[in-house]
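In this note's numbering, the protein residues as written are 69 to 463.
A quick write-up on the structure given underneath.
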Ligand SMILES: Cc1ncc(COP(=O)(O)O)c(C=O)c1O
């Protein structure tokens with residue numbers, strides 16, 4: 069049996085996979101066993117932010133793998149402490165908890181919020197508000213705050229006391245807000261829900277409402293964090309909308325499984341020994357990779373490159389839109405970009421794959437471009453040429 073047949077026979081059938089087996093990756097490119105070369109504009113869904121097998125990441129992981137793999141959080145670990153220091157210094161948060169995925173990071177943030185609500189003997193402050201079309205993960209708590217029925221319905225009953233508001237509609241949040249709300253969770257840019265950035269007025273308004281009702285503001289930066297929007301975290305681009313808690317994962321360790329949630333001064337002492345834990349969270353090998361990611365960010369000025377090359381990509385997409393009206397909209401920030409088209413996103417993803425370009429759909433009509441942050445203009449041109457050929461054929 070080949071890989072595709074074995075997968076079909078032995079692995080739980082929860083993914084719709086494209087019929088491709090990637091064997092190797094280098095920089096922004098993926099290769100099949102037969103040597104076919106694909107440009108990776110998906111980064112494994114916003115993960116491999118320094119491309120595939122970046123030499124500095126490989127070196128860091130190799131060195132750590134030859135030194136120490138795992139000890140558990142019962143003991144101290146130098147790569148983890150170093151990483152925490154770097155992240156805290158770079159973000160202004162007070163403390164961080166390490167876990168293994170985005171869902172886990174959000175799960176931890178939600179647990180923290182529920183405990184926050186119980187302070188001072190309160191019993192009713194348990195309400196959580198999230199946004200329609202959000203995506204926060206697949207665990208029971210995170211699928212509950214993921215306000216999309218298609219992900220929730222088979223798993224009813226969900227977590228109690230969760231309410232949904234319209235994204236970028238402050239009145240909708242206001243209508244649900246009262247002193248029983250312990251947290252509002254939202255993505256500064258909704259990724260999976262179709263690449264919708266939050267307006268500044270919306271985030272500021274939600275921040276003010278949270279302050280008024282003593283609720284925590286949680287930003288899910290699992291997808292939009294770690295440099296993808298041109299700042300280390302997306303919320304840094306919004307003035308006066310700092311969250312109490314924010315989460316990240318995906319790109320944090322450049323391709324190894326790692327998540328984290330960050331807390332501010334108000335929330336740094338809510339979780340106490342025994343409240344929350346993870347066997348693998350902050351494993352030395354993934355921490356070594358994450359340290360290397362941050363070092364490369366600084367050394368290679370990655371955030372500037374994101375801003376510059378993303379502008380080039382967006383401007384070029386706009387020119388394409390003037391020629392081909394199949395492009396209805398171009399949205400996003402940095403390298404969390406999406407184009408809305410007037411036909412099926414799944415179809416365009418397939419067409420691009422035939423041109424050896426890997427992309428990711430977001431809903432039915434949006435195709436996401438989430439390239440490695442190291443992508444160069446010449447590589448972006450490959451995507452633009454492929455889109456031009458595809459759209460020309462359709463008009
Ligand atoms: C914004 C956001 N939050 C949470 C998650 C869940 O992350 P994970 O798949 O690592 O659990 C995702 C995954 O796509 C995401 O985009």
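Virtual Cβ for every residue (Gly too), placed ideally from N, Cα, C.
Remember, predicted model here, so these are calculated numbers, not experimental data.
Opening and closing residue of the alpha helix (DSSP H) in which residue i lies
i: residue 274; result: 268-280
i: residue 217; result: 217-220
i: residue 363; result: 352-367
i: residue 239; result: 238-244
i: residue 210; result: 208-213
i: residue 112; result: 111-114
Residue i versus the options, residue with shortest Cα-Cα distance
i: residue 276; options: 311, 145, 125 and 100; result: 311
i: residue 444; options: 462, 429, 431 and 379; result: 379
i: residue 246; options: 229, 261 and 254; result: 229
i: residue 427; options: 260, 349, 340 and 284; result: 260
i: residue 432; options: 282, 263 and 80; result: 263
i: residue 87; options: 93, 71, 81 and 94; result: 71
i: residue 430; options: 439, 405, 453 and 447; result: 405
i: residue 324; options: 412, 146, 107 and 168; result: 168
i: residue 290; options: 127, 319 and 397; result: 319
i: residue 139; options: 352, 383 and 284; result: 352
i: residue 177; options: 258, 309 and 332; result: 332
i: residue 93; options: 79, 198, 77 and 111; result: 111
i: residue 342; options: 151, 142, 440 and 129; result: 142
i: residue 288; options: 313, 278 and 272; result: 313
i: residue 358; options: 327, 368, 195 and 344; result: 327
i: residue 223; options: 381, 210, 75 and 414; result: 210
i: residue 368; options: 114, 83 and 118; result: 118
i: residue 391; options: 180, 253, 456 and 304; result: 456
i: residue 244; options: 206, 196 and 97; result: 196
Assigned secondary structure, residue i (DSSP; H/G/I helix, E/B strand, else coil)
i: residue 199; result: strand
i: residue 250; result: strand
i: residue 296; result: coil
i: residue 305; result: helix
i: residue 257; result: strand
i: residue 427; result: coil
i: residue 233; result: strand
i: residue 342; result: coil
i: residue 71; result: helix
i: residue 400; result: strand
i: residue 375; result: helix
i: residue 105; result: strand
i: residue 446; result: helix
i: residue 262; result: coil
i: residue 388; result: helix
i: residue 317; result: coil
i: residue 408; result: strand
i: residue 76; result: helix
i: residue 322; result: strand
Closer than 7 Å: residue i CB and nearest ligand 1 heavy atom
i: residue 134; result: no
i: residue 169; result: yes
i: residue 174; result: yes
i: residue 350; result: no
i: residue 201; result: no
i: residue 196; result: no
i: residue 204; result: yes
i: residue 266; result: no
i: residue 454; result: no
i: residue 130; result: no
i: residue 181; result: no
i: residue 373; result: no
i: residue 288; result: yes
Opening and closing residue of the beta strand (DSSP E) in which residue i lies
i: residue 93; result: 90-94
i: residue 82; result: That residue, residue 82, is in no beta strand (DSSP E); it is neither H nor E in DSSP.
i: residue 328; result: 327-331
i: residue 310; result: Taken as a continuous stretch (DSSP letters only), residue 310 belongs to no beta strand (DSSP E), as it is neither H nor E.
i: residue 464; result: There is no way to answer for residue 464, as the model of the chain reaches only from 69 to 463.
i: residue 287; result: 284-288
i: residue 100; result: 97-100
i: residue 435; result: 434-437
Residue-level contact to chain C via CB, residue i, 8 Å cutoff
i: residue 245; result: Note that chain C does not occur in the displayed structure, where there is just one protein chain.
- Query: Which parts of the region 117-175 are runs of the beta strand (DSSP E), unbroken and 3 residues or longer, counting only runs that do not cross its ends?
  - Reply: Counting only runs of 3 or more, we get 163-167.
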